[in-house]
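Just so it is clear: in the sequence shown, position 241 is 241 by UniProt numbering, and no numbers are missing.
Take a look at the structure below.
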Amino acid sequence: MGAEGGGGGDGGGGGPINTAELITLMEKAKFYTSLCLGTTAIVSVFAFLFLIPFVVDPAISTIMSDYDPNPVTCISVSHTYAEGLRNCSWSSCREGCTTAALRCHQILVNYTKIPFSEWGNRSTDSVAWDVGDTKFYVNTEGCGYPPRVNCSEFAKEYAYKNMMKPFPCYYSRTYPEMVVARYSWDENLKHLVLSLIVPNVLFGVSIGVLSYWYCPSCNRACNKKTYVDKYPNKEDQHLTKPNDNDRKYRYQYELALSNMNC
Numbered sequence: 001m002g003a004e005g006g007g008g009g010d011g012g013g014g015g016p017i018n019t020a021e022l023i024t025l026m027e028k029a030k031f032y033t034s035l036c037l038g039t040t041a042i043v044s045v046f047a048f049l050f051l052i053p054f055v056v057d058p059a060i061s062t063i064m065s066d067y068d069p070n071p072v073t074c075i076s077v078s079h080t081y082a083e084g085l086r087n088c089s090w091s092s093c094r095e096g097c098t099t100a101a102l103r104c105h106q107i108l109v110n111y112t113k114i115p116f117s118e119w120g121n122r123s124t125d126s127v128a129w130d131v132g133d134t135k136f137y138v139n140t141e142g143c144g145y146p147p148r149v150n151c152s153e154f155a156k157e158y159a160y161k162n163m164m165k166p167f168p169c170y171y172s173r174t175y176p177e178m179v180v181a182r183y184s185w186d187e188n189l190k191h192l193v194l195s196l197i198v199p200n201v202l203f204g205v206s207i208g209v210l211s212y213w214y215c216p217s218c219n220r221a222c223n224k225k226t227y228v229d230k231y232p233n234k235e236d237q238h239l240t241k242p243n244d245n246d247r248k249y250r251y252q253y254e255l256a257l258s259n260m261n262c
């Protein structure tokens, strides 16, 4: 009997220890989760600031230019390779969008609004070009970063031996003198939406959870009672007149319930 009583005592004593360990574990989990959420919020801000000049601004410029989604026919009529800031006032392709171009390829093209898919075997001499000797760019900004943008390969594809050969291009309906080699409405819109939504959603969720956990005003709002909850109607007062014990139990129940909700 004594052994059994001792065993029961050990089993009963294990309850509080397990509860304390559980509370400690939850506090640690909350701390590390808060640390991750704070880091996510900070990284999201810097990521959004980084994406504005490199993704958001070019995407908006592309939308404003209103390119024809169907490629038309272009031919390269002039190509100049220059070096030095004075000679590179503009460039068809530039590797890096934040630095001045010290070496540049300047390509001029003619284009006709005849779709490239309908060009067939037409002769370039028998076509009336809609716009001639206009600047040709790799994209709306005229710049990019490797491996997506390689200016040497770009020049080989549209100049040198490929001069006067028809190729597909995209012209701007807002600025007809603007012609680019690459354009995709779906890809441009996808990059814009992701750049705007992902960092802002991560920042908003992280700050929202941290504010809910640590902001005193949020806790008061969570425990806030309505006018009806504070002041019962006359019928309830006549039907039930709670004593001190009832009020005590009811207060403990409401306090526990509010802690669970928060």
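Built from N, CA and C at the ideal position, the CB exists for glycine as well.
Presumed contact (8 Å Cβ cut-off) between residue i and residue j, rounded CB distance
i    : j    : result
F31  : S92  : Contact doesn't hold; Cβ gap of about 54 Å is too wide.
H105 : C151 : 6 Å
R182 : V138 : 6 Å
D130 : L108 : At roughly 15 Å, the Cβ-Cβ gap does not stay under 8 Å, so D130 and L108 are not in contact.
I207 : A41  : 6 Å
Nonlocal neighbours in the same chain, by C-beta distance under 6 Å from residue i, ignoring five residues either side
i    : result
D66  : R173 and T174
Y227 : Note that Y227 scores 47 on pLDDT, short of 50, meaning its location in the model is unreliable and no value can be drawn from it.
A155 : H105
N70  : P115
L239 : The predicted model places L239 with a pLDDT of 48, which falls under 50 and marks its position as unreliable; any figure quoted below should be read in that light. Nothing meets the Cβ criterion.
Chain-order list of residues whose beta-carbon lies under 8 Å from that of residue i (same chain, five-residue window excluded)
i           : result
Y160        : H79
T124        : I75, M164 and P166
E95         : C143, G144, Y145, P146, V149, N150 and C151
E141        : P58, S61 and C97
G8          : Reliability fails at G8, whose pLDDT of 46 lies under 50, so the model's placement of it is uncertain and the value that follows must be treated cautiously. Closer than 8 Å at Cβ, skipping near neighbours: no residue.
P168        : P71, V72, T73, C74 and F116
G15         : Summary for G15: the model assigns pLDDT 49, below 50, so the residue's position carries little reliability; its value from the coordinates is reported in the next sentence. Same-chain partners within the cutoff: there are none.
N188        : A59, T62 and I63
residue 267 : Outside the shown range of the chain (1 to 262) lies residue 267, about which nothing can therefore be said.
Identity of the residue in the options nearest residue i by Cα
i    : options                   : result
S61  : P216, H191, I197 and P199 : H191
K165 : R94, W119, L194 and K28   : W119
T98  : P58, M26, Y81 and E153    : P58
L194 : P69, A20, S44 and N162    : S44
P199 : E27, M26 and F46          : F46
M178 : G38, S184 and Y170        : Y170
Y158 : V77, A82, I197 and N188   : V77
Y214 : S34, P176 and I197        : S34
E83  : M64, R103, N188 and R122  : R103
D186 : F54, P53, T24 and D68     : D68
N110 : N121, A101 and V127       : V127
Beta bridge counterpart(s) of residue i as assigned by DSSP
i    : result
S172 : Y67
E95  : G144
A59  : DSSP lists no partner for A59.
V127 : Note: V127 sits in no beta bridge, so no partner.
Y81  : H105
T73  : T112 and P168
F136 : V179
Heavy atom of the ligand FMN within 7 Å of residue i beta-carbon
i   : result
F48 : You won't find the ligand FMN in this model; it holds no ligand whatsoever.
Chain-order list of residues whose beta-carbon lies under 7 Å from that of residue i (same chain, five-residue window excluded)
i   : result
W90 : Q106 and K135
| task | Specify whether the segment 203 to 213 and the segment 114 to 121 touch according to this definition: at least 3 beta carbon pairs, one from each stretch, less than 8 Å apart. | result | no
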